[in-house]
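**Q**
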Amino acid sequence: MNLKKLVATLLSINVMQFVVSLIIFIKVGLTDLNTVNIYLYLSVGLMLLSSFITILGLYFASRYKSDNLVESIKNLEELNIKLRAQRHDYLNHFQVIYGLMDLEEYEEAKKYIDPVYKDILKVSKALKTSQPAINALLQAKIEAAEKNHIDLYLEIRSNLTDIPLEPWNLCKVLSNVIDNSISALSQVEHEKKIYVDIGEFKYHYSFEISNNGPKIPDNMIESIFKQGFTTKKEAEHGMGLSIVSKIVHDAGGKITVTSNSDKTSFYIEIPKLSACNFNNEK
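Per full-length UniProt numbering, the very first residue in the sequence shown carries number 1; after that it's consecutive.
(1) Considering only C-alpha positions, which residue in the set P164, E166, K118 and W168 is nearest to L152?
(2) Quick one: grab the DSSP three-state call for V177.
(3) Between the beta-carbon of N212 and the beta-carbon of D262, is there less than 8 Å?
(4) Do you know offhand how far S175's Cα is from I243's?
(5) Within its chain, find whatever has a CB closer than 7 Å to the CB of I97; leave out the 5 residues flanking it on each side and keep chain order.
(6) Taking the alpha carbon of K193 as the reference point, which residue from L137, I178, G199 and K202 has its own alpha carbon closest?
(7) Would G199 and S206 qualify as a contact pair, given that the criterion is a beta-carbon distance under 8 Å?
(8) Would you please state the rounded distance, in angstroms, between the beta carbons of H190 and P271? I believe it to be under 8 Å.
(9) So who's on the other strand from N211, going by DSSP bridges?
(10) So the alpha helix (DSSP H) S130 belongs to, where does it begin and stop?
(11) Using DSSP with H/G/I as helix, E/B as strand and the rest coil, what is Y203?
(12) L154 lies in the alpha helix (DSSP H); which residues open and close that run?
(13) Go ahead and label Q95 buried or exposed: buried means 16 or more other beta carbons lie within 10 angstroms of its beta carbon, across all protein chains shown.
(14) Take L154 as the anchor and find which of K246, E143 and P115 has the nearest alpha-carbon.
(15) Checking 8 Å against the spacing of the C-beta atoms, do T248 and V173 come in under that value?
(16) Skipping 5 residues on each side, what residues in its chain have a beta carbon closer than 8 Å to that of L30?
(17) Just mark S274 as buried or exposed, buried being the case when its beta carbon has 16 or more other beta carbons within 10 Å.
(18) When the Cα of T264 is compared with those of C171, S223, L185 and G253, which residue comes out closest?
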């Protein structure tokens with residue numbers, strides 16, 4: 001949802017109604033003064049109704065934007081706390097490692113370094129885009145996956161500088177799909193894995209989120225993005241995906257899903273902002 005476009009559309013409707021009402025008022029007023037009051041009341045009523053709809057639309061649009069901003073800010077704050085804590089711990093880690101090396105406990109030093117290095121690597125992998133909100137979201141999802149005993153692997157090959165989506169909308173897309181993968185993996189007992197791949201091509205960005213959870217039945221694939229889609233067995237897959245589909249399609253992109261016994265993959269393409277502007281100029 002683009003708030004600026006929504007505001008412009010609603011205000012344009014109001015202006016058009018006012019202009020049409022004015023034209024009718026002038027024409028009728030010049031020919032038949034007895035019907036002026038009828039058109040006047042009708043015009044005022046329509047404009048009041050339109051204004052009410054405008055205000056209502058702006059309220060819900062603002063609340064939608066606010067809710068997503070709150071979530072993005074929360075993720076940013078958590079990432080900031082994580083980075084500050086990590087920085088604070090560096091000195092302690094170096095002191096321990098130095099002490100072990102000084103005692104010639106090289107094997108113990110290596111064992112100590114391994115988890116510290118992995119912790120640093122997790123955060124650094126999530127800090128590769130130019131979108132702080134996306135970086136924070138990915139870090140939050142890594143930690144959410146860990147809590148559910150899931151290994152989440154990131155492959156980021158783009159800084160997303162030319163993406164047309166607002167950060168909170170892109171967060172909404174990625175968050176919903178990753179959350180669905182986490183939910184799907186709650187049904188399995190084997191090793192749980194999620195792969196998030198963010199790539200860039202000449203005219204579009206790609207986002208692929210895969211998991212090794214259960215197969216989505218073929219007869220449900222086409223319905224999975226429909227609003228209200230639920231089944232007792234596959235309800236998790238449909239959770240929030242209609243929102244994802246709408247955001248992606250509103251941006252001129254597309255989303256597809258494939259599923260077999262080995263993995264389920266959601267593939268999203270979103271055109272670059274420069275590509276959108278080029279097409280609009282044609």
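Every residue gets a Cβ at the ideal spot worked out from N, C-alpha and C, and that includes glycine.
**A** Well, looking at it:
(1) Taking the first residue of the sequence shown as 1, we reach residue 152 at position 152. Ranked by Cα distance from L152, the options P164, E166, K118 and W168 are led by K118.
(2) Counting from 1 along the sequence shown, the entry for residue 177 is found at position 177. DSSP places V177 in helix when its eight states are reduced to three.
(3) Counting from one through the sequence shown, the residue named residue 212 turns up at place 212. Counting from one through the sequence shown, the residue named residue 262 turns up at place 262. A contact, by the Cβ cut-off of 8 Å.
(4) Position 175 of the sequence shown, counted from the first residue, corresponds to residue 175. Position 243 of the sequence shown, counted from the first residue, corresponds to residue 243. Rounded to the nearest whole angstrom, the CA to CA distance from S175 to I243 is 11 Å.
(5) Taking the sequence shown and counting its residues from 1, the one referred to as residue 97 is at position 97. Contacts found: A109, Y112 and I113.
(6) The residue you call residue 193 lines up with position 193 of the sequence shown. Checked all of L137, I178, G199 and K202; the closest Cα to K193 is I178.
(7) Residue 199 sits at position 199 when you count from the first residue of the sequence shown. Residue 206 sits at position 206 when you count from the first residue of the sequence shown. In this structure, S206 lies closer than 8 Å to G199 by Cβ.
(8) Residue mapping note: residue 190 aligns to position 190 of the sequence shown, counting from 1. Residue mapping note: residue 271 aligns to position 271 of the sequence shown, counting from 1. The Cβ separation is near 37 Å, so there is no contact.
(9) One-based indexing of the sequence shown puts residue 211 at position 211. In DSSP, N211 forms a bridge with I194 and T264.
(10) One-based indexing of the sequence shown puts residue 130 at position 130. Under the DSSP assignment, S130 falls outside any alpha helix (DSSP H); it carries neither an H nor an E label.
(11) Locating residue 203 in the sequence shown gives position 203, counting from the first residue. Coil, per DSSP.
(12) Position 154 of the sequence shown, counted from the start, is the residue given in the question as residue 154. Premise fails: L154 lies in the beta strand (DSSP E), I150 to I156, not in any alpha helix (DSSP H).
(13) Residue numbering aside, residue 95 sits at position 95 when the sequence shown is read from its first letter. That one is exposed.
(14) Translated into positions along the sequence shown, residue 154 becomes position 154. Out of K246, E143 and P115, E143 has the C-alpha closest to the C-alpha of L154.
(15) On the sequence shown, residue 248 is found 248 positions in, with the first residue counted as 1. On the sequence shown, residue 173 is found 173 positions in, with the first residue counted as 1. In the sequence under discussion, the amino acid at residue 248 is Val, which differs from the Thr named in the question. Taking a C-beta distance under 8 Å as the contact criterion, V248 and V173 qualify as a contact pair.
(16) Counted from its first residue, the sequence shown places residue 30 at position 30. At L30 the pLDDT is 47, less than 50, meaning the model places this residue with poor confidence and gives no usable figure here.
(17) Counting from one through the sequence shown, the residue named residue 274 turns up at place 274. Only exposed fits S274, as fewer than 16 other CB atoms lie within 10 angstroms of its CB.
(18) For the purposes of this step, residue 264 is taken as the residue at position 264 of the sequence shown. By alpha-carbon distance to T264, the top candidate from C171, S223, L185 and G253 is L185.
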